[in-house]
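A.B. asks:
Numbering (the working numbering), first residue to last: 18 to 170.
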């Protein structure tokens, strides 16, 4: 079996994606459906994880984008490529009853810490460690978040 290509969206599989989405929703308590499909394109992007791993603290998307100057020119492509993965991960979490959909919102049913004692691998561990620090990425209104990241639908 050959090694995975790390530039492929398939490298970011359902297990890692589900863990990441579960942790974000558990941390925030709830996330809108519109923002839930942004979780993986943002948090599976190595430059964002690297910046969030630093000691710096951010209060808003604007502050993060200005201070870090991360090139998000491919955010639309990443979102498009990861849309099926995001939907599959959300479906898995709904089936496992880890989250619940209420209108246009996904609610956490089980806190992530209850199952976080397993070895999830180094890549997933790095991402999970920065999720609490990344909550500012998902705190603003849906339309504002999409505008700030220059996402076209």
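We treat Cβ as the ideally placed atom computed from N, Cα and C, and that holds for glycine. Quantities reported herein were computed from a predicted structural model and do not represent experimental measurements.
Kindly confirm or deny that the segment 50-58 and the segment 85-96 touch, where touching means at least three C-beta pairs closer than 8 Å.
C.D. replies: In short, these stretches touch, since the Cβ pair count reaches three.
A.B. asks: Does the beta-carbon distance from residue 77 to residue 166 come in below 7 Å?
C.D. replies: As a working mapping, residue 77 is identified with position 60 in the chain shown. As a working mapping, residue 166 is identified with position 149 in the chain shown. Cβ atoms of residue 77 and residue 166: not closer than 7 Å.
A.B. asks: If you run the structure through DSSP and keep just helix, strand and coil, what is residue 35?
C.D. replies: As a working mapping, residue 35 is identified with position 18 in the chain shown. Three-state DSSP puts residue 35 in a helix.
A.B. asks: Within 10 Å of its beta-carbon, does residue 160 have 16 or more other beta-carbons around it, so buried, or fewer, so exposed?
C.D. replies: In the chain shown, counting from the first residue as 1, residue 160 sits at position 143. Per the 10 Å Cβ criterion, exposed.
A.B. asks: Is it right to say residue 26 is buried, meaning 16 or more other beta carbons lie within 10 angstroms of its own, or is it exposed?
C.D. replies: Counting from one through the chain shown, the residue named residue 26 turns up at place 9. With a pLDDT of 47 at residue 26, under the threshold of 50, the modelled position of this residue cannot be trusted, and the question is left open.
A.B. asks: Please state whether DSSP places residue 170 in a helix, a strand or coil.
C.D. replies: Looking up residue 170 in the chain shown gives position 153. Coil.
A.B. asks: Checking 7 Å against the spacing of the C-beta atoms, do residue 48 and residue 148 come in under that value?
C.D. replies: In the chain shown, counting from the first residue as 1, residue 48 sits at position 31. In the chain shown, counting from the first residue as 1, residue 148 sits at position 131. Not closer than 7 Å, so no.
A.B. asks: According to the Cβ coordinates, are residue 125 and residue 116 closer than 7 Å?
C.D. replies: If you number the chain shown from 1, residue 125 lands on position 108. If you number the chain shown from 1, residue 116 lands on position 99. Yes, they are a contact pair.
A.B. asks: Tell me the DSSP secondary structure of residue 122 in three-state form.
C.D. replies: Locating residue 122 in the chain shown gives position 105, counting from the first residue. The answer is strand: DSSP assigns residue 122 an E or B state.
A.B. asks: Taking the CB atoms as reference points, tell me whether residue 69 and residue 142 lie closer together than 7 Å.
C.D. replies: Residue mapping note: residue 69 aligns to position 52 of the chain shown, counting from 1. Residue mapping note: residue 142 aligns to position 125 of the chain shown, counting from 1. Not in contact: residue 69 and residue 142 (Cβ atoms no closer than 7 Å).
A.B. asks: Just to confirm my understanding: we take residue 50, look at its own chain, exclude 5 residues before and 5 after, and list those with CB closer than 6 Å. What are they?
C.D. replies: Position 33 of the chain shown, counted from the start, is the residue given in the question as residue 50. So the qualifying residues of the chain are 121.
A.B. asks: Could you tell me the boundaries of the alpha helix (DSSP H) in which residue 98 lies?
C.D. replies: Position 81 of the chain shown holds residue 98. 92-112 is the extent of the alpha helix (DSSP H) around residue 98.
A.B. asks: Residue range of the alpha helix (DSSP H) that residue 49 falls in?
C.D. replies: The count along the chain shown starts at 1 and reaches residue 49 at position 32. Taken as a continuous stretch (DSSP letters only), residue 49 belongs to no alpha helix (DSSP H), being part of the beta strand (DSSP E) at 47-49.
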